[in-house]
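Heads up: the sequence shown begins at 1 in the UniProt record's numbering, then just goes up one per residue.
Even for Gly, the Cβ is constructed at its ideal location relative to N, Cα and C.
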Amino acid sequence: MKIQIRPENKNDYKTISMINDMAFGQESEGLLVEKLRKNKKYLKDLSLVACMGNEIVGHILFSPIEIKSGNSSFKSLALAPMSVIPELQGLGIGSQLIENGLAKAKKMGHQSVIVLGHAAFYTKFKFTPASLFEITCPFEVPNEVFMAIELEKDALKNVSGTVEYPKEFQNL
Ligand SMILES: CC(C)(COP(=O)(O)OP(=O)(O)OC[C@H]1O[C@@H](n2cnc3c(N)ncnc32)[C@H](O)[C@@H]1OP(=O)(O)O)[C@@H](O)C(=O)NCCC(=O)NCCS
1 MKIQIRPENK NDYKTISMIN DMAFGQESEG LLVEKLRKNK KYLKDLSLVA CMGNEIVGHI
61 LFSPIEIKSG NSSFKSLALA PMSVIPELQG LGIGSQLIEN GLAKAKKMGH QSVIVLGHAA
121 FYTKFKFTPA SLFEITCPFE VPNEVFMAIE LEKDALKNVS GTVEYPKEFQ NL
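Written out as structure tokens, the structure reads:
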């Protein structure tokens, strides 16, 4: 599947919301992206779109999070949401968005990424259960769906705690 991946720009905002809503079959994720965009910590360079020609067919977003334990706090990224238009799912576009996004995040100096999602999918990209690093989710989820990846060797070696998501995730 021949696609180009690039950061979002202002002209993409409506389409990005639409693609998220189509992929998830509800309006929550599109709205979440819109709310996150207003957060001053929003990383517009890590809101990536997959294009076929001039058409946007997929989107992935990484947001800054903190892993907190007592007084200590460690910066990381959350991968969410991610979407590919229903007609083109299962053709490798999502995988390319993840690979490209992780590489870009690493290039920007980010050291790790956390994701809540399908274990069989994300383990393909070397995500492992976050519990292996003693990193926990702020709400109850099955162990295998809450995952982490180190972008630098041993980046999470001495990190433990609970993930604090941006407040916009609260009412998802
Ligand atoms: C998840 C998603 C972004 C993946 O994009 P994609 O282009 O379809 O992904 P790829 O073609 O690269 O990889 C396909 C893999 O996605 C995984 N996958 C996709 N949707 C899945 C779902 N609902 N449940 C479980 N696995 C899923 C499968 O592991 C599949 O692997 P397979 O081809 O070996 O069966 C896309 O399917 C989508 O938009 N789904 C709806 C929204 C969503 O669930 N977003 C992610 C939340 S974690």
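- prompt: At a cut of 8 Å, does the region 83–94 reach the region 125–140 through at least three beta carbon pairs?
  reply: no
query: Does the beta carbon of Gln96 fall short of 8 Å from some heavy atom of ligand 1?
result: yes
- prompt: Can you pull the DSSP bridge partners for Ala148?
  reply: Ile114 and Thr128
message: DSSP three-state label for Gln4, please.
response: strand
field: Near ligand 1: Met147 beta-carbon under 8 Å from a heavy atom
entry: no
message: So, for Ala105: in the same chain, excluding its five sequence neighbours on each side, which residues have a beta-carbon less than 7 Å away from its beta-carbon?
response: Leu46, Phe62, Leu77, Val113 and Leu151
- request: Determine, using beta carbons only, whether Pro86 and Met22 come nearer to each other than 9 Å.
  value: yes
query: Per DSSP, what kind of secondary structure is Lys68 in: helix, strand or coil?
result: strand
Classification of Pro142 by the beta-carbon crowding that lies within 10 angstroms, buried from 16 upward: exposed
- request: Might you give, ordered along the chain, the residues of its own chain that have their beta carbon closer than 7 Å to the beta carbon of Lys44, omitting 5 neighbours on each side?
  value: Pro7 and Glu8
task: Please state if the CB of Phe121 and the CB of Leu32 are separated by a distance shorter than 9 Å.
output: no
- prompt: Is the CB-CB distance between Pro166 and Leu36 below 9 Å?
  reply: yes
message: According to DSSP, is Gly161 part of a helix, a strand, or is it coil?
response: strand
query: Val33 lies in the alpha helix (DSSP H); which residues open and close that run?
result: Ser28 to Arg37
task: Check Phe139 in the structure and name its three-state DSSP category.
output: coil
- prompt: Any heavy atom of ligand 1 closer than 8 Å to the Cβ of Met18?
  reply: no
- request: Leaving aside the five residues before and after Asp12 along the sequence, list all residues of the same chain whose C-beta is less than 7 Å from its C-beta, in chain order.
  value: Val49 and Ile56
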